[in-house]
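Enquirer: Add 11 to the 1-based position in the sequence shown for the working numbering, that's all there is to it.
Glycine residues also receive a C-beta, built at the ideal position from the N, C-alpha and C atoms.
Because the structure is a prediction, the values reported are computed rather than measured.
Here's a structure for you.
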Amino acid sequence: MLTLCLPTGRVLDEAVEVLESLEIPTLKLKERGRSLVIQDEGFRFLLAKPMDVPVYVHYGIADLALAGSDVIWETGASLVELADTGRGICRIVLAGPKKVANRFLGHESQAMGLRVATKYPRIAEAYFADRGIQVEFVHLNGSIEMAPRLGLSDCIVDIVQTGSTLKANALSVIAEIAPVSLKFVASCKSLQLAWEGIEEIIGKFSTSSRKAGDEDGKTV
């Protein structure tokens, strides 16, 4: 039995669609109710908070997972990225009100000492360290966009899909930090112990992706 870990929340539906495209049974997954561990025709599905998904794979609880590239980077878990599904597309950005955005237009010294709210401290620290900018970080777990509005921070590092929430809070994108998408990941250990099952899934995904690419080419 192959164990797959999937993220709960907004990307779960897209993760399920990916599995369905590979003819992996998902009926019990869709009818799970409040269950977080579901078994269906040779598969066991674990549903975990997005930030916890890489941890379950890293420690060998799950053989394979669909995880956002944001949480893969943020957790720093030692994982092998097997395929990018092209689903769950969004961006990690630095955003803030206009008066703060202007401080990033000139020398980096103008941005020194800013307070940055984020649920991605590792990613945010790496971004500012690469630019030699010393800032103060405020680690929040949600509703990051309201931090500047309430005076808790000067700007934010957060995940953005449409940008509508930023706009509603009078924020704009200052810089794009990284693209985000849903990826198949496994640990080195699971690649050894569950290679046959993992290879079958990734092989199916590669084949379906090539077919989709060929179809797109024909319609151009």
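1) Enumerate in chain order the residues of its own chain whose CB-to-CB distance from VAL171 is below 8 Å, with the five nearest sequence positions on each side excluded.
2) Figure out for me which residue from MET157, VAL196, GLN203, LEU204 has the closest Cα to the Cα of LEU182.
3) The beta strand (DSSP E) with GLN50 in it runs from where to where?
4) Look at the alpha carbon of GLY153 and the alpha carbon of GLY174, and state the distance between them as a whole number of angstroms.
5) Bridge partners of PHE56, per DSSP?
6) To the nearest angstrom, how far is the alpha carbon of GLY20 from that of LYS60?
7) Nearest to SER219 by CA position, among PRO18, LYS41, ALA94, is which residue?
8) Please report the straight-line C-alpha distance between LEU75 and GLY124, rounded to a whole angstrom.
9) For a test of the three-state rule: what should DSSP assign to VAL191, helix, strand or coil?
10) State the start and end residues of the unbroken alpha helix (DSSP H) segment that holds PHE115.
11) With a 10 Å radius around its C-beta and 16 neighbouring C-beta atoms as the bar for buried, classify ILE49 as buried or exposed.
Expert: Let's see:
1) Correct list, in chain order: CYS101, ARG102, ILE103, VAL104, ALA106, LEU177, VAL184.
2) MET157
3) Per DSSP, GLN50 belongs to the beta strand (DSSP E) from 48-51.
4) 16 Å
5) LEU15, ILE49
6) 8 Å
7) ALA94
8) 41 Å
9) strand
10) Careful: PHE115 lies outside any alpha helix (DSSP H) and carries neither H nor E.
11) buried
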